[in-house]
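Report on the structure given below.
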Amino acid sequence: MGDTSRALLKPVNGAFTQAGNIVELFVDVVRQTFKRPFQFREFIEQAWFIASVTILPTAMVAIPFGAVVSLQTGSLIKQLGAESFTGAASVLAVIQQGSPLVTALLVAGAAGSAVTADLGSRTIREEIDAMEVLGINPIQRLVVPRVLAMVLVAILLNGLVSVVGIAGGYFFNVILQGGNPGAYLASFSAFAQLPDIWIGELKAAVFGLIAGVIASYQGLHPKGGPKGVGDAVNQSVVITFLLLFFANLILTMVYLQVVPAKGS
723 MGDTSRALLK PVNGAFTQAG NIVELFVDVV RQTFKRPFQF REFIEQAWFI ASVTILPTAM
783 VAIPFGAVVS LQTGSLIKQL GAESFTGAAS VLAVIQQGSP LVTALLVAGA AGSAVTADLG
843 SRTIREEIDA MEVLGINPIQ RLVVPRVLAM VLVAILLNGL VSVVGIAGGY FFNVILQGGN
903 PGAYLASFSA FAQLPDIWIG ELKAAVFGLI AGVIASYQGL HPKGGPKGVG DAVNQSVVIT
963 FLLLFFANLI LTMVYLQVVP AKGS
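The C-terminal position of the sequence shown is numbered 986 in the numbering used here, with every residue numbered one higher than the one before it.
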């Protein structure tokens, strides 16, 4: 019975241990961020690399995403007889929920996997151990620039997705569904408020931070050589996706409780 209990609890204990190690890495990243010298050149290189591998896919995904949201909300609202609120419904859905999630998923999937593979290959080649022997902190030298670069790029890409998604939604609603362009813009300005933009940017920053920390942790702890690096990349993407949806739920609940709806 004891062996059976230990076998059943082993995955649970492993999950909690990994969660604790990830939190420890996050605290270490925060602490090392304010230590000098800051690796500014590494930060710029990583930000440029992350932007180069994510900006085109993000823009391409934002167009059909905004179109789907606009078409679906437009069809539903037309059935309810409230066509004048189509702009507010579709645009707020894109800004508050769609843009941060699309940005985070692409940053985690494209940039996060690349970061995990890079750090994982350095780890199995024992470059990380060599840096520690030389007295160089790998967290400050390698992890901090990558995490901050992912946060910065996520914030910037969120703005891009919002603009492209809103433009695509406007085109499909007004051109394809025959919506009124004046009513579309008027309803948006009547119900939207500045905190709606801030919560989208905050979500993007938090999602980028989560993706960067998870990707770095998995890259620093691969198991079993090159095959372990591939497994670490897969685990990084899956774990990041799960945490992103939980973080989105929590942030949305807090925002709806703290910031009252416009006109309420």
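Cβ atoms here follow ideal geometry from the backbone N, Cα and C, with glycine treated the same way.
Everything numeric in this text was worked out from a predicted model, so none of it was measured.
Check	Outcome
For the alpha helix (DSSP H) containing I919, list its first residue and its last residue.	916 to 942
Is the Cβ-Cβ distance between F963 and A876 less than 8 Å?	no
Using a Cβ distance threshold of 8 Å, determine whether the segment 934 to 954 contacts the segment 740 to 752, with at least three qualifying pairs required.	yes
Starting from L971, trace the alpha helix (DSSP H) in both directions and tell me its first and last residue.	947 to 980
Please classify M723: is it buried, with 16 or more other beta-carbons within 10 angstroms of its beta-carbon, or exposed?	Confidence is the limiting factor: at M723 the pLDDT is only 47, short of 50, which leaves the residue's position unreliable, though a coordinate-based value still follows. Burial call: exposed.
Can you tell me whether F762 is buried or exposed, with buried defined as 16 or more other CB within 10 angstroms of its CB?	exposed
How do the segment 768 to 787 and the segment 876 to 892 stand: do at least 3 beta-carbon pairs fall below 8 Å, yes or no?	yes
Might you give, ordered along the chain, the residues of its own chain that have their beta carbon closer than 7 Å to the beta carbon of P779, omitting 5 neighbours on each side?	L828, A832
Quick check on L856: does DSSP put it in helix, strand or coil?	coil
Three Cβ pairs or more, each shorter than 8 Å: is that satisfied between the segment 840 to 855 and the segment 809 to 825?	no
Following the continuous alpha helix (DSSP H) through A833, name the residue where it begins and the one where it ends.	It is not in any alpha helix (DSSP H) - A833 carries neither H nor E in the DSSP assignment.
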